[in-house]
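Throughout the sequence shown, residue numbering follows the working numbering, covering 16 to 183 in sequence.
Below is one structure, written out as structure tokens, with a few remarks after it.
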Amino acid sequence: MSRGETTACYVGSFDPMTLGHLDIIRRASRIFSHVTVGIGINPDKNSLFTPAERVELCAASVSDLPNVDVRTFDGLAVEFVRQCGSRILLRGVRTLSDIEAEFSMTLTNRVLDEEIESVFLMSAERFAHISSSLIKQIAKMAREGVRERLKDFVPVPIIEPLIRRLNE
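Right, here's the structure in full:
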């Protein structure tokens with residue numbers, strides 16, 4: 016990477032990706048030369064979508080952003096950032112409780128790798144209330160009118176797979 020080019024790694028479970036996540040990615044893609052979305056694999060977590068499905072859904076949601084790619088990783092986020100050739104761990108924050116949790120995680124990450132810098136983007140106000148758990152609750156009751164409203168919470172490529180998965 017040449018001087019002036021920066022890659023940021025935005026990590027999370029993205030199960031499912033929300034419009035809040037997408038907003039952070041879009042804004043980051045205008046700030047950084049490249050953004051890698053890192054989908055964490057946690058075998059102890061009961062995920063709605065498989066890692067491969069999450070990559071596919073997230074990639075479809077960011078397909079209009081040429082400087083964004085999507086990958087999976089297992090292990091520590093700081094290790095993933097290093098593997099991407101980056102030093103920037105991007106995080107989105109929605110609420111004060113997010114800030115408190117991120118503060119603790121940032122201190123831990125500094126101990127693990129003092130070369131990795133955490134950069135925070137505040138959620139846009141219209142997305143601050145959106146969480147993956149809220150989306151799952153809404154999608155479980157996705158009658159026709161509610162189904163149409165899901166586009167206010169998640170990227171369009173995620174709506175049908177989400178409804179199908181929750182109604183299996």
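For glycine and all other residues, C-beta sits at the position ideal for the given N, C-alpha and C.
- Taking a 10 Å sphere around the C-beta of Phe118, we find fewer than 16 other C-beta atoms and assign the residue as exposed.
- Annotation: Glu115 to Arg97 spans about 25 angstroms, alpha carbon to alpha carbon.
- Under the DSSP assignment, Arg45 falls in the alpha helix (DSSP H) whose first and last residues are Leu34 to Ile46.
- Cβ contact annotation for Ala67 (same chain, cutoff 8 angstroms, sequence separation greater than five): Thr87, in chain order.
- DSSP places Ser133 within a strand segment (E or B) once states are collapsed to three.
- Judged by DSSP secondary structure, Leu104 falls within the beta strand (DSSP E) whose first and last residues are Ile103 to Val108.
- Shown here, Ile178 sits in a helix according to DSSP, grouped into three states.
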